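J.: If you count the sequence shown from 1, you need to add 5 to reach my numbering. Starting off with a structure, shown below.
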Amino acid sequence: MVIAIDSGATTGGTYEGITFQADKYYDGGSVSSTQDPIAGTTADAMYQTERYGTYSYKIPVTTGTFTIKLFMAEIFNTAAAARSFHVSVEGQRVLSNVDLYTLVGHDGAYEYVVENVRVTDGTLDIALQSVVDNGTLSGLAIYSADGKLDTSRPEPEPSNCNGYVAITYDDGPTGNTSNWVNSLKQNGLTPVTFFVNGANIGNNAAAIRQMMEVGEIQSHAYDHVDMGNYSTQQVTDQLSRNNQAIQNAGAPKPTIFRPPYGTVTNNVRSAASALGLYTITWDVDSQDWNGASVQNIVNAVARMQPGQVILMHQNQNNSLQAIPQIAANLKQRGLCPGKISPTTGRAVAP
Ligand code: ZN
Numbered sequence: 006m007v008i009a010i011d012s013g014a015t016t017g018g019t020y021e022g023i024t025f026q027a028d029k030y031y032d033g034g035s036v037s038s039t040q041d042p043i044a045g046t047t048a049d050a051m052y053q054t055e056r057y058g059t060y061s062y063k064i065p066v067t068t069g070t071f072t073i074k075l076f077m078a079e080i081f082n083t084a085a086a087a088r089s090f091h092v093s094v095e096g097q098r099v100l101s102n103v104d105l106y107t108l109v110g111h112d113g114a115y116e117y118v119v120e121n122v123r124v125t126d127g128t129l130d131i132a133l134q135s136v137v138d139n140g141t142l143s144g145l146a147i148y149s150a151d152g153k154l155d156t157s158r159p160e161p162e163p164s165n166c167n168g169y170v171a172i173t174y175d176d177g178p179t180g181n182t183s184n185w186v187n188s189l190k191q192n193g194l195t196p197v198t199f200f201v202n203g204a205n206i207g208n209n210a211a212a213i214r215q216m217m218e219v220g221e222i223q224s225h226a227y228d229h230v231d232m233g234n235y236s237t238q239q240v241t242d243q244l245s246r247n248n249q250a251i252q253n254a255g256a257p258k259p260t261i262f263r264p265p266y267g268t269v270t271n272n273v274r275s276a277a278s279a280l281g282l283y284t285i286t287w288d289v290d291s292q293d294w295n296g297a298s299v300q301n302i303v304n305a306v307a308r309m310q311p312g313q314v315i316l317m318h319q320n321q322n323n324s325l326q327a328i329p330q331i332a333a334n335l336k337q338r339g340l341c342p343g344k345i346s347p348t349t350g351r352a353v354a355p
């Protein structure tokens with residue numbers, strides 16, 4: 006055994022006779038986890054954490070020949086073809102178009118062994134490349150008869166971000182945009198995502214440009230209407246007008262759409278998709294629209310897991326007041342504000 010690493014884990018542990026270290030030697034990626042039991046293994050806890058994305062492990066080793074066990078589980082997607090990724094070791098593709106759901110189903114363990122990997126450059130490189138959604142590893146174990154971990158070299162500085170969450174504010178721009186932008190900047194809570202209504206932009210293009218200093222402008226429809234019984238054409242009209250209003254105010258064309266009231270229908274989804282907008286709602290509702298206190302809003306943020314998106318509103322003063330405590334909570338948990346991926350709707354590195 007050279008080293009075993011539990012990807013996405015903050016502590017080590019021994020599972021099925023292998024002693025894993027907490028996640029290390031990674032370069033990029035985000036972490037996520039599940040509480041679900043994992044089928045086909047007794048090492049559930051190891052498989053329940055993952056590092057996902059397009060990223061690599063760079064493990065310092067002496068010259069030698071290595072065997073690598075890769076551990077994977079589909080802890081996120083619940084359908085075939087929802088994920089596809091490649092794995093390369095020392096620059097050689099060893100796995101192509103991996104679709105874990107098709108291989109082992111949701112929450113199933115999958116192990117793949119790569120043998121006879123010769124390393125002569127001091128670093129064992131294991132690289133994941135996302136094709137659809139994200140690449141993912143739950144863990145890895147490395148064995149060798151002749152090579153060793155090279156402990157003579159200093160360990161890389163750990164990443165400051167164990168994962169990313171998306172902070173979002175709907176219904177703007179409002180009259181007090183400066184207060185929001187200043188507080189977000191002062192507390193280092195950037196980037197955030199603003200879901201704006203064109204009807205609220207009016208002549209206030211300056212507010213949109215201010216908001217762009219701390220994040221992205223995305224679509225919340227032109228009017229703040231429930232589109233539950235709208236035809237595709239009616240939705241298209243709302244979204245086209247909003248795209249135009251946002252672009253007229255100087256922001257890029259939106260790529261993500263959150264319908265007012267979170268009302269998603271087939272018409273909403275297909276009209277958005279035809280305009281290049283990925284439809285999302287949220288993972289955590291701060292309830293700021295429903296009178297939640299500053300403390301309740303902070304507590305909602307404290308429940309967020311990496312990759313998740315929280316709903317807040319730019320016209321709710323308690324959410325403005327909560328910004329310093331939100332920033333402190335995320336920092337304490339090693340989480341960073343991220344942007345929302347327009348292909349998966351998850352929070353990712355900005
Ligand atoms: Zn709204």
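Even glycine gets a Cβ: it sits at the ideal position worked out from N, Cα and C. All values derive from a computational prediction rather than experimental measurement.
Measuring CA to CA, which of Thr125, Gly168, Ser278 and Pro355 is closest to Lys153?
T.: On the sequence shown, position 148 is the one that residue 153 refers to. Selected option, being the one with the closest Cα: Thr125.
J.: What number of angstroms, rounded off, separates the C-alpha of Pro311 from the C-alpha of Gly33?
T.: As a working mapping, residue 311 is identified with position 306 in the sequence shown. As a working mapping, residue 33 is identified with position 28 in the sequence shown. For Pro311 and Gly33, the distance between alpha carbons rounds to 14 Å.
J.: Tell me which same chain residues have a C-beta within less than 6 Å of the C-beta of Asn139, skipping the five on either side of it?
T.: Residue 139 sits at position 134 when you count from the first residue of the sequence shown. Counting only Cβ-Cβ distances below 6 Å, and skipping sequence neighbours, we find Tyr57 and Gly58.
J.: Opposite Gln97 in the DSSP bridges: which residues?
T.: Numbered from its first residue, the sequence shown carries residue 97 at position 92. Per DSSP, Val94.
J.: From Val240 to Leu316, what does the alpha carbon distance come to, in whole angstroms?
T.: Residue numbering aside, residue 240 sits at position 235 when the sequence shown is read from its first letter. Residue numbering aside, residue 316 sits at position 311 when the sequence shown is read from its first letter. So the two alpha carbons sit approximately 22 Å from each other.
J.: Determine the direct distance from the alpha carbon of Ile23 to that of Ser149, and round the result to whole angstroms.
T.: For the purposes of this step, residue 149 is taken as residue 144 along the sequence shown, with counting starting at 1. For the purposes of this step, residue 23 is taken as residue 18 along the sequence shown, with counting starting at 1. Roughly 15 Å between the two C-alpha positions.
J.: Can you give me the C-alpha to C-alpha distance between Asn320 and Gly177, rounded to a whole angstrom?
T.: Counted from its first residue, the sequence shown places residue 320 at position 315. Counted from its first residue, the sequence shown places residue 177 at position 172. Approximately 7 Å between the Cα atoms of the pair.
J.: Quick check: what's the CA-CA separation for Ile80 versus Gly113?
T.: Walking along the sequence shown from the start, residue 80 turns up at place 75. Walking along the sequence shown from the start, residue 113 turns up at place 108. The alpha-carbon atoms of Ile80 and Gly113 are separated by roughly 8 Å.
J.: Given 7 Å as the limit, tell me if Asp293 has its C-beta closer than that to any heavy atom belonging to the ligand MG.
T.: This structure simply doesn't include the ligand MG; it includes the ligand ZN instead.
J.: By Cβ distance below 6 Å, which residues in the same chain neighbour Thr260 in space, the five residues on each side in sequence not counted?
T.: As a working note, residue 260 is residue 255 in the sequence shown. Only Pro347 meet the Cβ criterion.
J.: Would you tell me roughly how many angstroms separate the C-alpha atoms of Asp11 and Ala354, rounded to the nearest one?
T.: Stepping through the sequence shown from its first residue, residue 11 is reached at position 6. Stepping through the sequence shown from its first residue, residue 354 is reached at position 349. If I take the Cα positions, the gap works out to 21 Å.
J.: Check Gly267 in the structure and name its three-state DSSP category.
T.: As a position in the sequence shown, residue 267 is number 262, starting the count at 1. Here Gly267 sits in helix by DSSP.
J.: Assuming Val119 and Val94 are in contact, meaning their beta carbons sit under 8 Å apart, how far apart are those beta carbons, in whole angstroms?
T.: By 1-based counting over the sequence shown, the position of residue 119 is 114. By 1-based counting over the sequence shown, the position of residue 94 is 89. Between Val94 and Val119 the Cβ distance is about 5 Å, and since that is below 8 Å, they are a contact.
J.: Which residues does DSSP pair with Ile172 in a beta bridge?
T.: What you label residue 172 is simply residue 167 of the sequence shown in a count that begins at 1. Partner(s): Ile315.
J.: Starting from the Cα of Lys344, find the closest Cα among Ile222, Thr54 and Ile206 and give me that residue.
T.: For the purposes of this step, residue 344 is taken as the residue at position 339 of the sequence shown. Nearest C-alpha to Lys344: Ile222.
J.: Within this structure, are the beta carbons of Ser324 and Asp288 separated by less than 8 Å?
T.: Here residue 324 is taken as the residue at index 319 of the sequence shown, counted from 1. Here residue 288 is taken as the residue at index 283 of the sequence shown, counted from 1. Cβ distance not < 8 Å, so Ser324 and Asp288 don't count as in contact.
J.: Is Asp176 a contact residue of the ligand ZN, with contact defined as CB to any heavy atom under 7 Å?
T.: The count along the sequence shown starts at 1 and reaches residue 176 at position 171. Yes - the ligand ZN has a heavy atom lying nearer than 7 Å to the Cβ of Asp176.
J.: Would you say the beta carbon of Pro259 comes nearer than 7 Å to a heavy atom of the ligand ZN?
T.: Here residue 259 corresponds to residue number 254 of the sequence shown, with the count starting at 1. No - the ligand ZN has no heavy atom lying nearer than 7 Å to the Cβ of Pro259.
J.: Between which residues of its own chain and Gly168 is the CB-CB distance below 6 Å, once the five residues before and five after are set aside?
T.: For the purposes of this step, residue 168 is identified with residue 163 of the sequence shown, where counting begins at 1. Counting only Cβ-Cβ distances below 6 Å, and skipping sequence neighbours, we find Ser35, Val36, Pro311 and Leu340.
J.: Who does Lys63 pair with in a DSSP beta bridge?
T.: For the purposes of this step, residue 63 is taken as residue 58 along the sequence shown, with counting starting at 1. Answer by DSSP bridge pairing, in chain order: Asp130.
J.: Helix, strand or coil: which one does DSSP assign to Ser135?
T.: The residue labelled residue 135 in the question sits at position 130 within the sequence shown. Three-state DSSP puts Ser135 in a strand.
J.: For Gly220, which residues of its own chain have a beta-carbon under 7 Å away from its beta-carbon, when the five flanking residues on both sides are left out?
T.: The sequence position of residue 220 within the sequence shown is 215, counting from 1. Answer for Gly220: Thr195, Pro196, Val197, Thr198 and Phe199, listed in chain order.
J.: Excluding the 5 residues preceding and the 5 following Ala27 in the sequence, name in chain order all residues of the same chain whose CB lies nearer than 6 Å to its CB.
T.: For the purposes of this step, residue 27 is taken as the residue at position 22 of the sequence shown. Taken in chain order, the residues that qualify are Ala14, Thr15, Thr16 and Gly17.
J.: Between the Cα of Gly255 and those of His318, Cys166, Asn208 and Ala132, spot the shortest distance and give me the residue it belongs to.
T.: Residue 255 sits at position 250 when you count from the first residue of the sequence shown. Looking at the Cα atoms, Asn208 is the closest of the given residues.
J.: Tell me whether the beta-carbon of Arg263 lies closer than 8 Å to the beta-carbon of Thr286.
T.: The residue given as residue 263 occupies position 258 in the sequence shown. The residue given as residue 286 occupies position 281 in the sequence shown. Their beta carbons are under 8 Å apart, which means Arg263 touches Thr286 by this criterion.
J.: Report the residue from Tyr31, Leu100 and Ala78 whose alpha carbon sits nearest the alpha carbon of Tyr106.
T.: Stepping through the sequence shown from its first residue, residue 106 is reached at position 101. Per the Cα distances, Ala78.
J.: Return the chain-ordered list of same chain residues with a C-beta closer than 8 Å to the C-beta of Phe25, the five sequence neighbours on each side being excluded.
T.: Position 20 of the sequence shown, counted from the first residue, corresponds to residue 25. Excluding positions up to five away in sequence, the list reads Ala9, Ile10, Asp11, Ala14, Gly17, Gly18, Thr19, Met51, Gly144 and Ala146.
J.: Compare the Cα-Cα distances from Val306 to each of Thr237, Arg338 and Leu189 and report the closest residue.
T.: The count along the sequence shown starts at 1 and reaches residue 306 at position 301. Here the closest residue by C-alpha is Arg338.
J.: Using a threshold of 7 Å, is the CB atom of His111 nearer than that to any non-hydrogen atom of the ligand ZN?
T.: Your numbering for residue 111 matches position 106 in the sequence shown. No; taking the cut-off as 7 Å, the Cβ of His111 has no heavy atom of the ligand ZN nearer than that.
J.: Who are the near neighbours of Thr349 in its chain, counting only those whose CB is closer than 6 Å to its CB and skipping five residues on each side?
T.: As a first step, residue 349 is located in the sequence shown; it is residue number 344 there, counting from the start. Cβ within range, chain order: Asp138.
J.: Pull up the DSSP beta-bridge partners for Ile261, would you.
T.: Your numbering for residue 261 matches position 256 in the sequence shown. According to DSSP, which records beta bridges pairwise, Ile261 is partnered with Tyr283.
J.: Since Leu129 and Leu142 should fall inside the 8 Å C-beta cutoff, what is the C-beta to C-beta distance between them, to a whole number of angstroms?
T.: Counting from one through the sequence shown, the residue named residue 129 turns up at place 124. Counting from one through the sequence shown, the residue named residue 142 turns up at place 137. In fact, because the Cβ distance is near 14 Å, the residues do not count as touching under 8 Å.
J.: In the DSSP output, which residue or residues are listed as bridge partners for Asp11?
T.: Counting from one through the sequence shown, the residue named residue 11 turns up at place 6. Answer is Ala27 and Gly144.
J.: Counting along the chain, where does the beta strand (DSSP E) carrying Thr365 start and finish?
T.: In the structure as shown, the chain begins at 6 and stops at 355. Residue 365 is therefore absent and cannot be evaluated.
J.: Is His229 buried or exposed, if buried means 16 or more other CB atoms sit within 10 Å of its CB?
T.: The sequence position of residue 229 within the sequence shown is 224, counting from 1. Exposed is the call here.
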